[in-house]
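**Q**
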Amino acid sequence: MEHPYWPILDLRISAPPLELRPMNEADQAVIAELLPDDVELNPAATRYDVANERNSRGIVVHQGYWKAYGTWRPEEWRLSFVVLTDGEPIGVQELEGNDFVRLRTVDTSSFLVPAGRGRGHGKRMRQAVLSLAFGPLEAQAAITSAWHDNHASLGVSRSLGYRPNGEMLDRRDDGVDVMVHLRLTRESWIASQQSAGITVSGFEPCRPLFGLVTPG
Numbered sequence: 006m007e008h009p010y011w012p013i014l015d016l017r018i019s020a021p022p023l024e025l026r027p028m029n030e031a032d033q034a035v036i037a038e039l040l041p042d043d044v045e046l047n048p049a050a051t052r053y054d055v056a057n058e059r060n061s062r063g064i065v066v067h068q069g070y071w072k073a074y075g076t077w078r079p080e081e082w083r084l085s086f087v088v089l090t091d092g093e094p095i096g097v098q099e100l101e102g103n104d105f106v107r108l109r110t111v112d113t114s115s116f117l118v119p120a121g122r123g124r125g126h127g128k129r130m131r132q133a134v135l136s137l138a139f140g141p142l143e144a145q146a147a148i149t150s151a152w153h154d155n156h157a158s159l160g161v162s163r164s165l166g167y168r169p170n171g172e173m174l175d176r177r178d179d180g181v182d183v184m185v186h187l188r189l190t191r192e193s194w195i196a197s198q199q200s201a202g203i204t205v206s207g208f209e210p211c212r213p214l215f216g217l218v219t220p221g
């Protein structure tokens with residue numbers, strides 16, 4: 006059944022063997038349980054004096070979900086996809102636009118459960134959201150960032166055609182470390198033909214939410 010007021014929830018990306026759909030309210034507890042210990046959550050998020058760190062991280066997941074949809078604007082948005090294989094969730098892939106209407110640039114972040122790693126899923130789920138970004142969303146560039154020692158994430162980005170976009174020091178736990186930034190252009194993505202076999206459905210009703218003019 007199509008959602009009458011929030012068509013974002015009807016958006017789907019098929020990138021065999023993966024399926025991506027926007028996160029919904031019912032997913033929150035499931036994602037909180039799946040969250041690997043090595044996932045870095047928003048350091049600015051409020052932390053509460055609860056029973057254990059797992060509960061605290063679960064609260065951060067819920068509040069992040071509510072904030073993303075509650076503060077959504079065409080100029081600034083964050084869309085979290087649940088990544089599924091054989092109907093089972095194995096991670097989350099996020100696509101974000103900051104001043105998107107003007108800059109036409111998206112950012113990405115993600116996590117996979119340990120059992121889903123080392124099987125090419127990280128690359129495939131990024132290909133899925135980039136197909137949305139450079140396809141219906143008409144983005145001109147995609148950026149991403151990772152710590153200098155996150156070799157898996159950096160390897161995925163480079164294999165997709167991202168190029169170096171500078172480095173900077175950033176807060177990491179109680180200290181600072183080097184964050185590596187990368188950028189992928191629309192021209193490079195289209196030339197790579199990596200959208201082959203990936204389909205996006207349910208996008209047209211979402212166009213106004215991204216600030217895009219409806220054709221015709």
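So our numbering is basically just the index in the sequence shown, starting at one, shifted up by 5. Note that beta-carbon positions come from the ideal geometry of N, C-alpha and C, so glycine has one too.
In whole angstroms, what separates the C-alpha of D15 from that of Q33?
**A** Answer to the nearest angstrom: the Cα atoms are 17 angstroms apart.
**Q** Between M130 and E81, what straight-line distance do the alpha-carbon atoms span, to the nearest angstrom?
**A** Cα-Cα distance, rounded: 22 angstroms.
**Q** Along the chain, where does the alpha helix (DSSP H) that runs through I64 open and close?
**A** From DSSP, the alpha helix (DSSP H) with I64 extends over 58-75.
**Q** Determine the extent of the beta strand (DSSP E) in which R124 is found, giving its start and end residues.
**A** Note, R124: premise wrong, no beta strand (DSSP E); not H, not E.
**Q** Is the beta carbon of V111 sitting closer than 7 angstroms to the one on A151?
**A** Their beta carbons are not under 7 angstroms apart, which means V111 does not touch A151 by this criterion.
**Q** Suppose you measure from the CA of T204 to the CA of L39; what does that come to, to the nearest Å?
**A** T204 and L39: Cα-Cα distance of roughly 26 angstroms.
**Q** With a CB to CB cut of under 6 angstroms and the five nearest residues on each side skipped, what residues in its chain are close to H153?
**A** Cβ neighbours of H153 beyond the five flanking positions: V183, V185.
**Q** Which first and last residues belong to the beta strand (DSSP E) in which F116 is found?
**A** Per DSSP, F116 belongs to the beta strand (DSSP E) from 110-117.
**Q** Cβ of T90 within 7 angstroms of Cβ of L187?
**A** Not in contact: T90 and L187 (Cβ atoms no closer than 7 angstroms).
**Q** For I203, which three-state DSSP category applies?
**A** Note: I203 maps to coil in three-state DSSP.
**Q** For a minimum of 3 consecutive residues, which ranges assigned as the beta strand (DSSP E) are wholly contained in the stretch 128-189?
**A** Fully enclosed beta strand (DSSP E) runs of 3 or longer: 146-152, 168-177.
**Q** Is there contact between the stretch 207-218 and the stretch 163-178, where contact requires at least three CB pairs shorter than 8 angstroms?
**A** The answer is no - the stretch 163-178 does not touch the stretch 207-218, with fewer than three Cβ pairs under 8 angstroms.
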